[in-house]
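6 protein chains.
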Amino acid sequence: MFAVTVRDHMMVAHSFQGEVFGPAQRLHGATYVVDATFRRAALDSDNVVVDIGRATDALRVVLGELNYRNLDDDAAFAGVNTSTEMLAKVVADRLAERISQGELGESARGIASVAVTLHESHVAWASYERLL
Amino acid sequence: MFAVTVRDHMMVAHSFQGEVFGPAQRLHGATYVVDATFRRAALDSDNVVVDIGRATDALRVVLGELNYRNLDDDAAFAGVNTSTEMLAKVVADRLAERISQGELGESARGIASVAVTLHESHVAWASYERLL
Amino acid sequence: MFAVTVRDHMMVAHSFQGEVFGPAQRLHGATYVVDATFRRAALDSDNVVVDIGRATDALRVVLGELNYRNLDDDAAFAGVNTSTEMLAKVVADRLAERISQGELGESARGIASVAVTLHESHVAWASYERLL
Amino acid sequence: MFAVTVRDHMMVAHSFQGEVFGPAQRLHGATYVVDATFRRAALDSDNVVVDIGRATDALRVVLGELNYRNLDDDAAFAGVNTSTEMLAKVVADRLAERISQGELGESARGIASVAVTLHESHVAWASYERLL
Amino acid sequence: MFAVTVRDHMMVAHSFQGEVFGPAQRLHGATYVVDATFRRAALDSDNVVVDIGRATDALRVVLGELNYRNLDDDAAFAGVNTSTEMLAKVVADRLAERISQGELGESARGIASVAVTLHESHVAWASYERLL
Amino acid sequence: MFAVTVRDHMMVAHSFQGEVFGPAQRLHGATYVVDATFRRAALDSDNVVVDIGRATDALRVVLGELNYRNLDDDAAFAGVNTSTEMLAKVVADRLAERISQGELGESARGIASVAVTLHESHVAWASYERLL
Numbered sequence: 167m168f169a170v171t172v173r174d175h176m177m178v179a180h181s182f183q184g185e186v187f188g189p190a191q192r193l194h195g196a197t198y199v200v201d202a203t204f205r206r207a208a209l210d211s212d213n214v215v216v217d218i219g220r221a222t223d224a225l226r227v228v229l230g231e232l233n234y235r236n237l238d239d240d241a242a243f244a245g246v247n248t249s250t251e252m253l254a255k256v257v258a259d260r261l262a263e264r265i266s267q268g269e270l271g272e273s274a275r276g277i278a279s280v281a282v283t284l285h286e287s288h289v290a291w292a293s294y295e296r297l298l
Numbered sequence: 167m168f169a170v171t172v173r174d175h176m177m178v179a180h181s182f183q184g185e186v187f188g189p190a191q192r193l194h195g196a197t198y199v200v201d202a203t204f205r206r207a208a209l210d211s212d213n214v215v216v217d218i219g220r221a222t223d224a225l226r227v228v229l230g231e232l233n234y235r236n237l238d239d240d241a242a243f244a245g246v247n248t249s250t251e252m253l254a255k256v257v258a259d260r261l262a263e264r265i266s267q268g269e270l271g272e273s274a275r276g277i278a279s280v281a282v283t284l285h286e287s288h289v290a291w292a293s294y295e296r297l298l
Numbered sequence: 167m168f169a170v171t172v173r174d175h176m177m178v179a180h181s182f183q184g185e186v187f188g189p190a191q192r193l194h195g196a197t198y199v200v201d202a203t204f205r206r207a208a209l210d211s212d213n214v215v216v217d218i219g220r221a222t223d224a225l226r227v228v229l230g231e232l233n234y235r236n237l238d239d240d241a242a243f244a245g246v247n248t249s250t251e252m253l254a255k256v257v258a259d260r261l262a263e264r265i266s267q268g269e270l271g272e273s274a275r276g277i278a279s280v281a282v283t284l285h286e287s288h289v290a291w292a293s294y295e296r297l298l
Numbered sequence: 167m168f169a170v171t172v173r174d175h176m177m178v179a180h181s182f183q184g185e186v187f188g189p190a191q192r193l194h195g196a197t198y199v200v201d202a203t204f205r206r207a208a209l210d211s212d213n214v215v216v217d218i219g220r221a222t223d224a225l226r227v228v229l230g231e232l233n234y235r236n237l238d239d240d241a242a243f244a245g246v247n248t249s250t251e252m253l254a255k256v257v258a259d260r261l262a263e264r265i266s267q268g269e270l271g272e273s274a275r276g277i278a279s280v281a282v283t284l285h286e287s288h289v290a291w292a293s294y295e296r297l298l
Numbered sequence: 167m168f169a170v171t172v173r174d175h176m177m178v179a180h181s182f183q184g185e186v187f188g189p190a191q192r193l194h195g196a197t198y199v200v201d202a203t204f205r206r207a208a209l210d211s212d213n214v215v216v217d218i219g220r221a222t223d224a225l226r227v228v229l230g231e232l233n234y235r236n237l238d239d240d241a242a243f244a245g246v247n248t249s250t251e252m253l254a255k256v257v258a259d260r261l262a263e264r265i266s267q268g269e270l271g272e273s274a275r276g277i278a279s280v281a282v283t284l285h286e287s288h289v290a291w292a293s294y295e296r297l298l
Numbered sequence: 167m168f169a170v171t172v173r174d175h176m177m178v179a180h181s182f183q184g185e186v187f188g189p190a191q192r193l194h195g196a197t198y199v200v201d202a203t204f205r206r207a208a209l210d211s212d213n214v215v216v217d218i219g220r221a222t223d224a225l226r227v228v229l230g231e232l233n234y235r236n237l238d239d240d241a242a243f244a245g246v247n248t249s250t251e252m253l254a255k256v257v258a259d260r261l262a263e264r265i266s267q268g269e270l271g272e273s274a275r276g277i278a279s280v281a282v283t284l285h286e287s288h289v290a291w292a293s294y295e296r297l298l
């Protein structure tokens, strides 16, 4: 199995609902350093998993929809906690949709799965992996 | 599949038995930077894999039983080599026990597996992953 | 010259005033991974720059005053841009005050300077260094 | 499942064929920081996955065959793009061959799989994993 | 003293002249992860050392003149060893020229010094710092 | 001013004297990831600060005198606390002596200063810098 990972980041504000979150119930923020990993069993005719330039661009566009925003004001997240693990799923799902739409190139349709890791600090991170 | 990882560290002394270990047969030591990863298929009602505060506390307690000690003097390790991979299993098993006892919260009982990585230097690390 | 550095982090929301900040004028957030460095020409009688436990505690307390907050609501920052470099100065100044008050121990009064670095992402960080 | 990883690096020149590679079609170069991971279900009689010294030596030898070279001049890669993912497979396959030849020791024959990750920068890396 | 650092990278081929370089006399390559640090005694009216967006853009442009190239073919380096430390000076000098030309903004003229670090691997890096 | 840094590591056991050290008064251990930085105002005739191979070898030899040992048994440290900052000075002084003896090459006599940083974990490190 082959994999390629590209890294970018986003900086957002948000707050959490639920006593378990303690002081994180207050409006605060996070830098998420985001790793997007694409896996497939065999390389394409260019000998790559995915065009790394297109993968990087796709990740930048997906993060751009969230970057420099207060997620509490985003209708897509109304009534849900935008936890690190949940945001990892949002990014993975949006990347998967772009792949299926052909935005990462025709050969990228051979990608088997996408995994996204959001690093919220030097001591905590969360991931979500899904099939395509 | 979702995952959350928290990081902490411990500083221990130990020695190894067996010619294969060369100079590491002498009493020496290591800082282990420890990553504990918790995985589950679906998030709980708070939209998280596990309460990250409780996960961090549990890891600190487990590492506290080993930290600032000479492992050669720990009865739990009599007659065994406390290799990095073996210590990864010790930490994972002790975290698993705490999860099963409910110490990470009721919803943490939904965690499917625990993986622990011990980084012994910038050029070597070892892991152990187990189901719950 | 000797130096000791300890690392911690904080997660805040804020916004910036000024066209130069572009989309960062919107309410957003950041994780700051914070390194506090203490320097002195000679070690104290325990052979250290500062008790690393006390230094870690002092940094945690100083960051705790800012952590999990919207800095736009903090009266201390009314009318000023809480840029990464400005926040580095805030943390350094507050650590310096604690040193001068003896909170890091009597021998810590021998510390010559404090430098604070705030990492806002994997590709950008800012620092401030001052004498005591 | 247990795993041990060792890290080393190599510095090579190469060029790519195909419009998708854009400016990387020109002769350029890369430092690959290489992580080799060995996995097995149970530890050997010394309580390790593999003798870490021998694993480190094997990785150094395999990388030494590529290091400080222009891969465009290596007959082994005639007519193929030496992409990061393809080079990860080359390193993994060569390590696998050394394991099967007993060069990592008799007990290393119990290793179940090898995974190799090549980091080409702070924002991109690729991996290949195979069974033995 | 304040400082701001931004990070980018470049991937080049080159060779060295001189027996001291051993196998690095052959044509090979490197990824340089490049940190550019800007220092000044006081912040500007926006409370920053430099507009981080403009600093990032300037670094990208400077690295773009070298990226994906064989430095042995660059007339600017005829007859000189493009060592990591020498390339750090090239990047710093070119950034300094852009600052003096006002490309990082008027207030950037208050920058006192530029330091550039090139990381050639996880175990070696080189720097050059100069006044403006 | 130019600088070159090389990285290696050592794994030692030791204990501390003094109540301030708390549980670290017990015999424990540490991995020190060690960065040795060499600075000079002008490059030598090969366009380098120091032959990076020789610098790496010198660091390995100096760390080899301490590696895989219990520092409490080393006569050189009788009656002193082998704190991270004190060990940074030991490594820097021993490197300085090797430079003055010509072991890093004739041109290395032009090195102006040596700085050594010992990383004891992901959240703490100490340095010592001295002139030659």
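Chains as they are written, first to last, in the working numbering: chain A, 167 to 298; chain B, 167 to 298; chain C, 167 to 298; chain D, 167 to 298; chain E, 167 to 298; chain F, 167 to 298.
Every residue, glycine too, gets a C-beta built ideally from N, C-alpha and C.
Distance, Cα to Cα, residue i vs residue j?
i, j, result
"residue 189(F)", "residue 234(B)", "6 Å"
"residue 299(A)", "residue 283(A)", "For residue 299(A) there is no data in the structure shown, the boundaries of chain A being 167 and 298."
"residue 215(D)", "residue 252(F)", "35 Å"
"residue 226(D)", "residue 225(E)", "34 Å"
"residue 243(F)", "residue 199(F)", "20 Å"
"residue 223(A)", "residue 186(D)", "14 Å"
"residue 218(B)", "residue 272(B)", "14 Å"
"residue 279(D)", "residue 220(B)", "34 Å"
"residue 192(B)", "residue 183(B)", "9 Å"
"residue 175(A)", "residue 263(F)", "45 Å"
"residue 285(E)", "residue 177(A)", "26 Å"
"residue 310(F)", "residue 170(C)", "Residue numbering for chain F in the displayed model covers 167 to 298; residue 310(F) lies beyond these limits and cannot be assessed."
"residue 210(F)", "residue 292(E)", "14 Å"
If we call anything under 8 Å between Cβ atoms a contact, is residue i one with residue j?
i, j, result
"residue 236(C)", "residue 194(C)", "no"
"residue 294(F)", "residue 168(C)", "yes"
"residue 261(B)", "residue 208(B)", "no"
"residue 290(C)", "residue 257(E)", "no"
"residue 206(C)", "residue 276(C)", "yes"
"residue 287(C)", "residue 197(A)", "yes"
"residue 254(D)", "residue 265(D)", "no"
How should residue i be labelled, buried or exposed, when 16 other C-beta atoms within 10 angstroms of its C-beta is the threshold for buried?
i, result
"residue 232(E)", "buried"
"residue 241(D)", "exposed"
"residue 297(F)", "exposed"
"residue 301(C)", "Summary: the structure shown does not reach residue 301(C), with chain C confined to residues 167 through 298, and so no result is reported for it."
"residue 246(A)", "exposed"
"residue 212(A)", "buried"
"residue 239(A)", "exposed"
Tell me where the alpha helix (DSSP H) around residue i begins and ends.
i, result
"residue 227(D)", "218-230"
"residue 266(C)", "250-266"
Name the chain B residues that come within less than 8 Å of residue i, Cβ to Cβ?
i, result
"residue 292(A)", "168, 169, 170, 171 and 215"
"residue 199(F)", "287 and 288"
Could you work out which residues of chain B lie near residue i, taking near to mean beta carbons separated by less than 7 Å?
i, result
"residue 177(F)", "194, 195 and 196"
Run through chain E and tell me which residues come within less than 7 Å of residue i, C-beta to C-beta.
i, result
"residue 246(C)", "213"
"residue 186(C)", "212 and 217"
Residues of chain C with CB closer than 7 Å to the CB of residue i, please, in chain order.
i, result
"residue 218(E)", "290"
For a contact defined as C-beta to C-beta under 7 Å, what are the partners of residue i on chain A?
i, result
"residue 254(C)", "Those do not exist, as residue 254(C) stays about 15 Å from chain A at its closest Cβ, beyond 7 Å."
"residue 235(C)", "192 and 194"
Give me the chain D residues within the contact set of residue i, using Cβ-Cβ distance strictly less than 7 Å, ordered along the chain.
i, result
"residue 270(A)", "The premise fails here: residue 270(A) is roughly 11 Å from chain D at the closest Cβ pair, so nothing lies under 7 Å."
Residues of chain C with CB closer than 8 Å to the CB of residue i, please, in chain order.
i, result
"residue 209(E)", "249, 251 and 252"
At which residues does the beta strand (DSSP E) containing residue i begin and terminate?
i, result
"residue 271(A)", "It is not in any beta strand (DSSP E) - residue 271(A) carries neither H nor E in the DSSP assignment."
"residue 114(F)", "As displayed, chain F neither begins before 167 nor continues past 298, which places residue 114(F) out of reach and without an answer."
"residue 284(B)", "279-287"
List, in chain order, every chain A residue whose beta-carbon is nearer than 9 Å to that of residue i.
i, result
"residue 295(D)", "167, 168 and 169"
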